[in-house]
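So the structure is just underneath, and the comments pick up after that.
In UniProt numbering, the protein residues as written are 1 to 216.
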């Protein structure tokens, strides 16, 4: 069961996700004729952003993978309860830069913890407090990109913002991408794949077409 007016964007490192979202927002607002709330994960409100800071910190020794999962789930719970559901109750469109699929891909796939285990933990995080139903996007746009291209973009153009996820080895990022593609195959009605190796204009054209089809 998915939640109307809730859209998420997903993508590996270097896919240009944030740029695409910013460009797509006016189109979403125009077609939906609703106010649009842009939010992100981890983050989206004061408590969730504080957890984001913990997750972004470079630690030695590195954060335990399961601690990472639990912190992300805690942040997501605050995000759902304090940000997403209140906006949806006001008939707004919620656009989230990452959501549950990121945990399934990065921790379930990349860290090798398993999708089912990560999903089980997050079942509690995404449950609507009133209905107990999962709060899931009605549409997820996944910007797909070969790992080598994505990492090259990061280390050439984003040297001042490289975080600990960016620094993971190629195999980690390949597992992340493979998991995203598996999720897209398993959820074809919700997850729409866009080739992010195209020009920015072509990527945005494909994204706008998906958005138009969703509201049609």
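Glycine included, every Cβ here is placed at the ideal spot set by N, Cα and C.
Where residue i sits in the DSSP three-state scheme
i           : result
residue 180 : helix
residue 65  : helix
residue 102 : helix
residue 196 : coil
residue 3   : strand
residue 148 : helix
residue 217 : Residue 217 falls outside the range modelled here, since the chain spans only 1 to 216, and no answer is possible.
Closest Cα partner of residue i within the set the options
i           : options               : result
residue 13  : 37, 81, 33 and 97     : 97
residue 73  : 39, 88 and 118        : 118
residue 110 : 211, 176 and 182      : 176
residue 88  : 187, 70 and 128       : 128
residue 185 : 101, 39, 56 and 45    : 101
residue 68  : 55, 40 and 78         : 55
residue 126 : 145, 168 and 83       : 83
residue 58  : 171, 215, 182 and 165 : 165
residue 208 : 139, 156, 182 and 149 : 139
residue 197 : 169, 150, 156 and 214 : 150
residue 7   : 169, 50 and 85        : 85
residue 169 : 206, 215 and 106      : 106
residue 11  : 183, 216, 49 and 214  : 183
Beta carbon of residue i nearer than 8 Å to that of residue j
i           : j           : result
residue 5   : residue 34  : yes
residue 2   : residue 188 : no
residue 179 : residue 71  : no
residue 43  : residue 143 : no
residue 31  : residue 212 : yes
residue 37  : residue 95  : yes
residue 65  : residue 113 : yes
residue 80  : residue 135 : yes
residue 9   : residue 21  : yes
residue 174 : residue 147 : yes
Close beta carbons around residue i, own chain, < 7 Å, minus the five adjacent residues each side
i           : result
residue 23  : 204
residue 122 : 73, 76, 100 and 103
residue 52  : 42, 43 and 75
residue 91  : 34
Same chain only: Cβ atoms within 6 Å of residue i, ignoring 5 sequence neighbours per side
i           : result
residue 192 : 141 and 210
residue 199 : none
residue 115 : 104 and 108
residue 47  : 78
residue 39  : 83 and 96
residue 171 : none
residue 206 : 194
residue 120 : none
### Task
Report the residue ranges of all alpha helix (DSSP H) runs contained in full by the segment 29-96; include only those spanning at least 4 residues, in chain order.
Correct list: 46-56, 65-79 and 85-89.
### Query
Taking the runs of the beta strand (DSSP E) that are 3 residues or longer, which of them lie wholly in the segment 101-145?
Here the runs fully enclosed are 137-144.
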